[in-house]
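Trainee: If you read the sequence shown in the working numbering, its first letter stands for residue 14, the second for the next number, and so on.
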Amino acid sequence: MYFPRLCSPQVVARVHAAFEKAVVDMAESLSLSQNIFIVLLAVESWKAFIQHWLKALVTYVDAKGSSIELDDSLKIANNILKICCKVAAESIPQVSANAALAVGALCLVVPSSCHATISSASNFLLKWLIGYEHEHLQWSSAISLGLIYNRLHVTDRSQKIKVIGGLLKVATNSKSHLVIGASGVGIGLACQGLLSSVEGDNSHRLMEATLLHDVIRTLSMVLNELCPCTFESLKNLTECLTLDNCDYEESSSLLHCRKLENLEGETWGVAGLVLGLGNSAVAVYRFGAVDAVLKIKDILLSWIPSPGSTKESLFANEMFDMPLAVGACLAIPSIVAFCQKVELMIGDQMDKILTRYISLVSQLLNSRKTGILYQNLLMASCVGAGSFVSYILGYGMHSVQYDDIRHLLELLRNCYAKPCPPLVHLGE
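Next up, the structure:
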């Protein structure tokens, strides 16, 4: 067992100054493009960066005097948090958004003993999220809050309620589709920790169950508001998870009048909500609503065109159907993998899903349309297909036809072999 020990004050000051400059330089060059999937990848880059920062500040010694070393760890984490918050508050939007992601990354890599720092970080992020002043801080904070929710101390229940409550409030009230989508992603990520404790008392479990109902209801209502075509399927879903104090019809009247108006600029608002819905399935299963888990899976699959679709009828209504498909393509691999893990899937279904991915990628490549919305869907379908195959092979519970994999690889190669390829090679 090893513990970190703080370097001399002079070294600490120099290291912090160097890394603060590096934060700004890296954030200036790391374009997030208002693409939620790219944002999630950027968090992984920030995690590696923060780990280098921590390593530069500590040396490893034997466990003797460990109580002092843990204090030093907390001091290091607090100093890094202050620097990232300072950069976020004082910089241009792109740098600020990246700095907010760096705050989330910090909370993911620090030791669990630094729970005070994690709690402070969540307060900073909540302040930015519900401030409604700067969109770039709102959407980046929403994703960071979702990521660090499960790093909050198990006894910090009030803070956890504030985090999910804040995300639900912003998803319901924000006029920015990007903020709505990011809040949906944050909600889904936070949901993965709900109802996970086996030692909590009944009142705590009831509180988390109520939060889960609020999550499903809010995600469904906002999706229905933006994409009215989802009303019937999502209404049936909420009926599977109703509590006595939840009324779908009455609650929907609390929403603002918002709708999709721009195909290209608002894709990730809907896609983020769909991702959140998919990520909530784990908590729904822990609640005991197995039928609802399968219903979520089936709803997501229904938003991806079937292999029999022609190029002309790939989407009946591009305004609504394509953003739903973007989110579904990215969400399906994880929910299907979970269903397979808990034995809710059969092999024949796996083959049909892979065929649907391959068909969609093929039809998009054959389409002459090249707008940003089509590029987003091509990226999502390729990433989803690659992730789906990796889950199947990783679990080793289902065989995949060689010809199907070869066909998929050929399609991906055709994508990234273009002169100006979209970000589809991420799926291979």
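Don't be surprised by glycine CBs; every beta carbon is placed ideally from N, CA and C.
Note that the structure is predicted; figures quoted are calculated from it, not measured.
Measuring only the C-alpha atoms, how far is Ser394 from Trp59?
Mentor: The count along the sequence shown starts at 1 and reaches residue 394 at position 381. The count along the sequence shown starts at 1 and reaches residue 59 at position 46. The straight-line gap from Cα to Cα measures roughly 25 Å.
Trainee: Going by the beta-carbon positions, is the gap between Gln205 and Ala296 smaller than 8 Å?
Mentor: Numbered from its first residue, the sequence shown carries residue 205 at position 192. Numbered from its first residue, the sequence shown carries residue 296 at position 283. Yes.
Trainee: Following the continuous alpha helix (DSSP H) through Tyr415, name the residue where it begins and the one where it ends.
Mentor: Working through the sequence shown from its first residue, we reach residue 415 at position 402. Boundaries of the alpha helix (DSSP H) around Tyr415: Tyr415 to Tyr429.
Trainee: Cα separation between Ser44 and Gln107?
Mentor: Mapped onto the sequence shown, residue 44 falls at position 31. Mapped onto the sequence shown, residue 107 falls at position 94. Rounded to the nearest whole angstrom, the C-alpha separation of Ser44 and Gln107 is 7 Å.
Trainee: Pairs of beta-carbons, one from the segment 407 to 417 and one from the segment 381 to 389, closer than 8 Å: are there three or more?
Mentor: no
Trainee: Measuring straight from C-alpha to C-alpha, what distance separates Lys188 and Ser400?
Mentor: Sequence index remark: in the sequence shown, residue 188 carries index 175 (1-based). Sequence index remark: in the sequence shown, residue 400 carries index 387 (1-based). Roughly 32 Å separates the two Cα atoms.
Trainee: Buried or exposed for Ser171, going by 16 or more other Cβ atoms inside 10 Å?
Mentor: Looking up residue 171 in the sequence shown gives position 158. Flag for Ser171 reads exposed.
Trainee: What span of residues does the alpha helix (DSSP H) with Pro106 cover, start to end?
Mentor: On the sequence shown, position 93 is the one that residue 106 refers to. Where Pro106 is concerned, the enclosing alpha helix (DSSP H) starts and stops at Pro106 to Val122.
Trainee: Inspect the CB distances between the segment 311 to 318 and the segment 217 to 229 and report whether three or more fall short of 8 Å.
Mentor: no
Trainee: Would you report the Cα separation of His65 and Asn48, rounded to the nearest angstrom?
Mentor: On the sequence shown, position 52 is the one that residue 65 refers to. On the sequence shown, position 35 is the one that residue 48 refers to. Distance between the alpha carbons of His65 and Asn48: 26 Å.
Trainee: What do you get for Phe32, buried or exposed, if any count of 16 or more other CB atoms within 10 angstroms of its CB means buried?
Mentor: As a position in the sequence shown, residue 32 is number 19, starting the count at 1. Phe32 should be labelled buried.
Trainee: Between the beta-carbon of Leu391 and the beta-carbon of Cys240, is there less than 8 Å?
Mentor: By 1-based counting over the sequence shown, the position of residue 391 is 378. By 1-based counting over the sequence shown, the position of residue 240 is 227. No. Outside cutoff.
Trainee: Mind checking whether Val198 and Gly289 have CB atoms under 8 Å apart?
Mentor: Mapped onto the sequence shown, residue 198 falls at position 185. Mapped onto the sequence shown, residue 289 falls at position 276. In contact: Val198 and Gly289 (Cβ atoms closer than 8 Å).
Trainee: What is the DSSP secondary structure of Glu356, reduced to helix, strand or coil?
Mentor: Along the sequence shown, read from residue 1 onward, the residue named residue 356 stands at position 343. If DSSP states are grouped into helix, strand and coil, Glu356 belongs with coil.
Trainee: Is the beta carbon of Val56 closer than 8 Å to that of Gly194?
Mentor: Walking along the sequence shown from the start, residue 194 turns up at place 181. Walking along the sequence shown from the start, residue 56 turns up at place 43. No. Outside cutoff.
Trainee: Do you know whose CA, among His29, Glu103, Ile89 and Gln376, lies nearest Val122's CA?
Mentor: The residue given as residue 122 occupies position 109 in the sequence shown. When each option's Cα is compared against that of Val122, the closest is Ile89.
Trainee: In terms of residues, what are the limits of the alpha helix (DSSP H) holding Gly194?
Mentor: Walking along the sequence shown from the start, residue 194 turns up at place 181. Its alpha helix (DSSP H) spans residues His190 to Cys204.
Trainee: With DSSP run on the structure shown, which of helix, strand or coil describes Cys242?
Mentor: The count along the sequence shown starts at 1 and reaches residue 242 at position 229. Helix, per DSSP.
Trainee: Comparing C-alpha positions only, which one of Leu165, Leu373, Leu236 and Asn92 sits nearest to Pro320?
Mentor: For the purposes of this step, residue 320 is taken as the residue at position 307 of the sequence shown. Selected option, being the one with the closest Cα: Leu373.
Trainee: Which residue comes first and which comes last in the alpha helix (DSSP H) that contains Gly291?
Mentor: As a first step, residue 291 must be located in the sequence shown, where it is residue number 278. Looking at the DSSP string, the run of the alpha helix (DSSP H) that includes Gly291 is Thr280 to Asn292.
Trainee: Buried or exposed: Gly179, going by 16 or more other Cβ atoms within 10 Å of its Cβ?
Mentor: Walking along the sequence shown from the start, residue 179 turns up at place 166. By the neighbour-count rule (16 or more Cβ atoms within 10 Å), Gly179 is buried.
Trainee: Could you tell me the alpha carbon to alpha carbon distance between Leu181 and Gly117, rounded to whole angstroms?
Mentor: By one-based count along the sequence shown, residue 181 stands at place 168. By one-based count along the sequence shown, residue 117 stands at place 104. C-alpha separation (whole angstroms): 19 Å.
Trainee: In chain order, what residues of the same chain lie with their CB nearer than 7 Å to the CB of Ala112, ignoring the 5 residues before and after it?
Mentor: As a first step, residue 112 must be located in the sequence shown, where it is residue number 99. Counting only Cβ-Cβ distances below 7 Å, and skipping sequence neighbours, we find Val36, Ala40, Cys97, Val100, Ala101 and Ser104.
Trainee: Roughly how many angstroms separate the alpha carbons of Ser210 and Ile174, rounded to a whole number?
Mentor: Residue mapping note: residue 210 aligns to position 197 of the sequence shown, counting from 1. Residue mapping note: residue 174 aligns to position 161 of the sequence shown, counting from 1. So the alpha carbons of these two residues sit roughly 15 Å apart.
Trainee: Here's the rule: buried if 16 or more other CB atoms are within 10 angstroms of the residue's CB, otherwise exposed. What is Ala430?
Mentor: Here the question's residue 430 lines up with position 417 in the sequence shown. Ala430 comes out exposed.
Trainee: State the DSSP-derived secondary structure class of Arg336, mapped to helix, strand or coil.
Mentor: The residue given as residue 336 occupies position 323 in the sequence shown. The sequence given here has Pro at residue 336, not Arg. Three-state DSSP puts Pro336 in a helix.
Trainee: Would you mind stating whether Gly397 and Tyr370 have Cβ atoms separated by less than 8 Å?
Mentor: The residue labelled residue 397 in the question sits at position 384 within the sequence shown. The residue labelled residue 370 in the question sits at position 357 within the sequence shown. Yes, the Cβ-Cβ distance between Gly397 and Tyr370 is below 8 Å.
Trainee: Looking only at C-alpha atoms, which of His411, Leu377 and Asn330 sits nearest to Glu356?
Mentor: Locating residue 356 in the sequence shown gives position 343, counting from the first residue. Comparing Cα positions, the closest option is His411.
Trainee: From this set, Leu165, Ile143, Val25 and Gly285, which residue's C-alpha is nearest Asp85's C-alpha?
Mentor: For the purposes of this step, residue 85 is taken as residue 72 along the sequence shown, with counting starting at 1. Checking every option, the nearest Cα to that of Asp85 belongs to Val25.
Trainee: Can the beta-carbon of Cys253 be found closer than 8 Å to that of Asp304?
Mentor: For the purposes of this step, residue 253 is taken as the residue at position 240 of the sequence shown. For the purposes of this step, residue 304 is taken as the residue at position 291 of the sequence shown. The Cβ atoms of Cys253 and Asp304 lie closer than 8 Å to each other.
Trainee: Flag Leu239 as yes when its Cβ comes closer than 7 Å to any non-hydrogen atom of the ligand NAD, and as no otherwise.
Mentor: As far as ligands go, the structure on display features none, and thus does not contain the ligand NAD.
Trainee: The alpha helix (DSSP H) that contains Phe328, what's its start and end?
Mentor: On the sequence shown, residue 328 is found 315 positions in, with the first residue counted as 1. That residue, Phe328, is in no alpha helix (DSSP H); it is neither H nor E in DSSP.
Trainee: Run through DSSP, which three-state label would Met410 get?
Mentor: The residue given as residue 410 occupies position 397 in the sequence shown. Coil, per DSSP.
Trainee: Using the beta-carbon count (16 or more within 10 Å), is Arg164 buried or exposed?
Mentor: Taking the sequence shown and counting its residues from 1, one reaches residue 164 at position 151. Taking all protein chains shown into account, Arg164 has 16 or more neighbouring C-beta atoms within 10 Å of its C-beta and is therefore buried.
Trainee: What is the DSSP secondary structure of Gln151, reduced to helix, strand or coil?
Mentor: Sequence index remark: in the sequence shown, residue 151 carries index 138 (1-based). Looking at Gln151 - three-state DSSP - the assignment turns out to be helix.
Trainee: Given Leu87, which residues of its chain have a CB within under 8 Å of its CB, disregarding the five upstream and five downstream residues?
Mentor: Here residue 87 is taken as the residue at index 74 of the sequence shown, counted from 1. Ser126, Cys127, Ala129 and Thr130, listed in sequence order.
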